[in-house]
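Presented below is the structure to which this report refers.
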Amino acid sequence: MVNHSSLTIYGLARLLRRYKRFLADVLLPDGTVITVHCPNTGSMKNCIQENNPCWYSTAKNLARKYPHTLEVVTTPSGHLAGINTARANDLVEFAIRTGVIGELQGYTTLRREVGYGCEKSRIDFLLENEQHKCYVEVKNVTLMGMEGQGLFPDAVTVRGTKHLRELMQMRLQGHRAVLIFCVQHSGIKWVEPAQEIDPLYAATIRQAVATGVEVIAYSAAFNLEYGEIVINKSLPCKIND
Numbered sequence: 001m002v003n004h005s006s007l008t009i010y011g012l013a014r015l016l017r018r019y020k021r022f023l024a025d026v027l028l029p030d031g032t033v034i035t036v037h038c039p040n041t042g043s044m045k046n047c048i049q050e051n052n053p054c055w056y057s058t059a060k061n062l063a064r065k066y067p068h069t070l071e072v073v074t075t076p077s078g079h080l081a082g083i084n085t086a087r088a089n090d091l092v093e094f095a096i097r098t099g100v101i102g103e104l105q106g107y108t109t110l111r112r113e114v115g116y117g118c119e120k121s122r123i124d125f126l127l128e129n130e131q132h133k134c135y136v137e138v139k140n141v142t143l144m145g146m147e148g149q150g151l152f153p154d155a156v157t158v159r160g161t162k163h164l165r166e167l168m169q170m171r172l173q174g175h176r177a178v179l180i181f182c183v184q185h186s187g188i189k190w191v192e193p194a195q196e197i198d199p200l201y202a203a204t205i206r207q208a209v210a211t212g213v214e215v216i217a218y219s220a221a222f223n224l225e226y227g228e229i230v231i232n233k234s235l236p237c238k239i240n241d
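Each residue of the sequence shown is one higher than the one before, starting from 1 at the first, in our numbering.
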């Protein structure tokens, strides 16, 4: 797993239920039931299956109200899905720094959460060298439709559409603008807009591509025996199909 100072190891459990949006109850191997934080603002459509195996992380600060965080679930189709949306940025940063994401090489500095844009957004990554700036927005993908089909978003996303508008503005100002789908789902083979879930987002991403915003996707591999998730390969994006 990407080094993260606030986390220790992954634990195995069974998912009992998700509720109040940000909470989930899980059953530990010793029969204990604990409540964990569920760090996902989406619907988690096609991800939740009660009584399926799941994995959680434990914060070093056990004084937190919920020191455990749900990280990976087993979907109804039997695949693994990384549902911690905050983890996507760590995975992408590690993949950029280690050269895995070839499209984002050649920059000398990388900064996170930099304020930008006329709508007062914060870009996930600002990559720079002496001559160029590259604005990179990251989206976590866990929704699989038909076998192999990755869809984003899994619920209507006003914020995601706003981010596309901001990327278009950066591109029109002459900067490079990239949207990267971080696919934390072991069954997804390509990514496309979820037209039926959010038609505005689908229309806006097509407009963004026409403006020159680059859209790429990379998948993550799970090795939960060692508590590891790493980005390992690129996937096709089907934006205008």
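By construction, the Cβ of each residue, glycine as well, lies at the ideal position given by its N, Cα and C atoms.
Simplified DSSP assignment, three categories, for residue i
{"i": "Lys233", "result": "strand"}
{"i": "Gln149", "result": "strand"}
{"i": "His185", "result": "strand"}
{"i": "Asp90", "result": "helix"}
{"i": "Arg171", "result": "helix"}
{"i": "Lys133", "result": "strand"}
{"i": "Gly212", "result": "coil"}
{"i": "Val158", "result": "helix"}
{"i": "Glu128", "result": "strand"}
{"i": "Leu224", "result": "helix"}
{"i": "Arg165", "result": "helix"}
Same chain only: Cβ atoms within 8 Å of residue i, ignoring 5 sequence neighbours per side
{"i": "Gly106", "result": "Asn129"}
{"i": "Gln49", "result": "Leu15, Val73, Thr74, Thr75 and Pro76"}
{"i": "Tyr256", "result": "Limits of the chain in this structure are 1 at one end and 241 at the other, which puts residue 256 out of reach."}
Same chain, Cβ closer than 7 Å to residue i, neighbours up to 5 away in sequence not counted
{"i": "Gly145", "result": "Leu151"}
{"i": "Tyr226", "result": "none"}
Nearest-angstrom beta carbon gap, residue j and residue i [assumed within contact, 8 Å]
{"i": "Val215", "j": "Cys237", "result": "5 Å"}
{"i": "Gly42", "j": "Ala155", "result": "5 Å"}
{"i": "Ser35", "j": "Asp25", "result": "The sequence given here has Thr at residue 35, not Ser. So it is a contact: roughly 6 Å between Cβ atoms."}
{"i": "Thr211", "j": "Leu172", "result": "7 Å"}
Selection from the options that minimises the alpha carbon distance to residue i
{"i": "Gln184", "options": "Ala221, Asp30, Asp198 and Gln173", "result": "Ala221"}
{"i": "Ile205", "options": "Met168, Gly187 and Lys233", "result": "Met168"}
{"i": "Ala217", "options": "Val178, Ala194, Tyr201 and Ala13", "result": "Val178"}
{"i": "Ile231", "options": "Ser186, His132 and Lys65", "result": "Ser186"}
{"i": "Thr85", "options": "Ile188, Lys60 and Phe181", "result": "Phe181"}
{"i": "Asp241", "options": "Asn223, Ala13 and Val191", "result": "Val191"}
{"i": "Pro39", "options": "Tyr19, Asn46, Asn52 and Gly102", "result": "Tyr19"}
{"i": "Leu12", "options": "Lys45, Met44, Asn52 and Val158", "result": "Asn52"}
Same chain, Cβ closer than 6 Å to residue i, neighbours up to 5 away in sequence not counted
{"i": "Ser234", "result": "Tyr218"}
{"i": "Pro29", "result": "none"}
ask   = Can you list the beta strand (DSSP E) stretches of 3 or more residues lying completely in the region 47-126, in chain order?
value = 53-59, 68-74, 80-82 and 109-116
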